[in-house]
Amino acid sequence: MSISGETLMDNNESHRTAVISASLSDRDFLRLSRLIYSECAIKMPFQKKIMLEARLRKRLRELGMYSFREYCDYLFSEEGMGYELTPMIDVVTTNKTDFFREPRHFDFLARTALPELMKVHGAGTNRQISVWSAGCSTGEEPYTIAMVLNEFRIKHPAFHFFILATDISTKVLDRAIRGIYKEERAETIQRALKEKYFIRSRDRERGLVRIVPELRSQVRFRRLNFMDEDFGIREPMDIIFCRNVIIYFDRPTQEKLINRLCRHLIPGGYLFMGHSETLSGLNVPLVSAGPMVYRKPL
70 MSISGETLMD NNESHRTAVI SASLSDRDFL RLSRLIYSEC AIKMPFQKKI
120 MLEARLRKRL RELGMYSFRE YCDYLFSEEG MGYELTPMID VVTTNKTDFF
170 REPRHFDFLA RTALPELMKV HGAGTNRQIS VWSAGCSTGE EPYTIAMVLN
220 EFRIKHPAFH FFILATDIST KVLDRAIRGI YKEERAETIQ RALKEKYFIR
270 SRDRERGLVR IVPELRSQVR FRRLNFMDED FGIREPMDII FCRNVIIYFD
320 RPTQEKLINR LCRHLIPGGY LFMGHSETLS GLNVPLVSAG PMVYRKPL
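First residue of the sequence shown: 70, per our numbering; consecutive thereafter.
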């Protein structure tokens, strides 16, 4: 069966109802959960069966399919692995973020991490400082980092930087690259920063704002799967934000991932984690530097 071209159509209303009301069997859920874990190490326990079923219903409708069994048979085919695997992962991954989420982290970044890295390593002056937003979702985090670094540069004119932002979902990366958001998403940002770094839509009824081109150009977005053997990152990182990501992985995967991130982090570099995450019990080369902020020893 080929679905890479035209979407399958059927005028029979009973078939349409079957698509909407079809249930995901335990067998097919296990097939999907194993695939999701093997591809991106996201845990999908049986309690999440209803959630997965709800998220995949849209894919069934878009592909004109009548059942989850039909969808799974296609997904696990050679053609499905080529065409449908990435859209399926896009649907499964959770993408919740905000501008200046966990604001204490950005205070620490501006007041402690950047001055320390500049003083000890010449980061940002003798060489550009490199920051990685790992699991960037729709872009709010890397654009927030860019605002903080730009404001820091006002006080240190020679300061220069590089920001890499990655995510496994191509759908959220497309949104991040566009940098267009609902106006209420920016409500918590200081007025001076909003006026400097956002453009309001000419059509006020649309209620949209967009990141200014200068800020968008300072962030390089690309897709990255944490389960890939090679991240393809050659630049040593001074700072890594990997917040609210490892909570979706089991403990062995968490330890493996953090150690891989540390290999990209310079000695003395900082790793920012989410408030609900802990490195307790993990064998990783990091020491605490603040609330959910860790540093790789010199």
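Every residue gets a Cβ at the ideal spot worked out from N, C-alpha and C, and that includes glycine.
Given 8 Å, three or more beta-carbon pairs between the stretch 272-290 and the stretch 192-200: no
Every unbroken beta strand (DSSP E) within the stretch 189-237, with a cutoff of 3 residues, ordered by chain: Complete beta strand (DSSP E) runs here, min 3: 198-203, 230-236.
Sub-8 Å separation of Ala245 and Gly208 beta-carbons: yes
Where Gln116 falls, given that 16 or more other Cβ within 10 Å makes a residue buried: Counting Cβ neighbours within 10 Å, Gln116 comes out exposed, since fewer than 16 surround it.
Proximal residues to Asn294 (C-beta, below 8 Å), its chain only, five neighbours per side dropped: Glu108, Cys109, Ile237
Closest residue to Gly338 among Leu154, Asp95, Ala192, Leu99 (Cα-Cα distance): Ala192
Cα-Cα separation, Ser90 to Ile258: Reliability fails at Ser90, whose pLDDT of 47 lies under 50, so the model's placement of it is uncertain and the value that follows must be treated cautiously. Spanning the two alpha carbons is a distance of roughly 43 Å.
Inter-residue spacing [alpha-carbon to alpha-carbon] between Pro366 and Leu330: 14 Å
CB contact below 8 Å: Ala358 versus chain D: Included in the structure is just one protein chain, with no chain D present.
Nearest candidate by alpha-carbon position, reference Arg332, set Asn313, Arg320, Arg303: If we check each option's Cα against that of Arg332, Arg303 comes out closest.
DSSP three-state assignment for Gly133, whether helix, strand or coil: coil
Chain-order list of residues whose beta-carbon lies under 7 Å from that of Lys263 (same chain, five-residue window excluded): For Lys263, where only same-chain residues beyond five positions count, the Cβ hits under 7 Å are Ala255.
Boundaries (first-last residue) of the beta strand (DSSP E) holding Leu334: Following the DSSP letters along the chain, one finds Leu334 inside the beta strand (DSSP E) bounded by residues 334-342.
Rounded straight-line distance, which links the Cα of Cys311 to that of Thr166: 12 Å
Lys224 versus Leu186: straight-line alpha-carbon distance, rounded: 15 Å
Cβ neighbour criterion (16 or more within 10 Å) applied to Met120: exposed
Buried or exposed by the 16-neighbour rule on C-beta atoms within 10 Å, applied to Asp159: buried
Presumed contact (8 Å Cβ cut-off) between Met342 and Tyr363, rounded CB distance: 7 Å
Cut-off 7 Å between Cβ atoms - residues of its own chain near Phe175, not counting five sequence neighbours on either side: Phe169, Thr213, Val217
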